[in-house]
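Peer 1:
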Amino acid sequence: MSSQDYADRLAAAATELVQRALRHPGDVTEGLEIVRSLQRFPHGLFRTAALRTLLVQHPASAVREAALRALANGRA
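Per the numbering used here, the sequence shown starts with residue -5, numbered consecutively.
Structure follows, in C-alpha cells:
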C-alpha cells in the first residue's frame, strides 16, 4: 500500500467515524468510543480535524469534552 493510499484510508475512516457520531448524537457512549478510536490514529491532520469537528459540532457535552481533552493532551 502506498503512503497516499494509506492517507486516503485514514481520511475516509476519520470522516466516517465523525459522520457516525453526528448521525447518532443521542448515543453518547458511541460518541465517546469514537473519540477513543480517533486517539489511536497516527498524530496528524486527520485525527486533529476529526476531533475538532466533534468538539465544535457534536451536541453532547461529554463527547465535546472528550474531544477537547484529547486535543489538549497532545493526543491529536
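All C-beta atoms, glycine included, are put in the ideal place defined by N, C-alpha and C.
How long is the line joining the alpha carbons of residue 59 and residue 28, rounded to whole angstroms?
Peer 2: Their backbone Cα atoms lie some 13 Å apart in a straight line.
Peer 1: Cα separation between residue 17 and residue 49?
Peer 2: Those two C-alpha atoms are separated by around 15 Å.
Peer 1: With distances taken from CA atoms, which of 14, -4 and 22 is nearest residue 54?
Peer 2: Nearest of 14, -4 and 22 to residue 54, Cα basis: 22.
Peer 1: Determine the DSSP secondary structure at residue 15, reduced to helix, strand or coil.
Peer 2: Residue 15: helix per DSSP, three-state reduction.
Peer 1: Helix, strand or coil, according to DSSP, for residue 58 in the structure here?
Peer 2: Correct three-state label for residue 58: helix.
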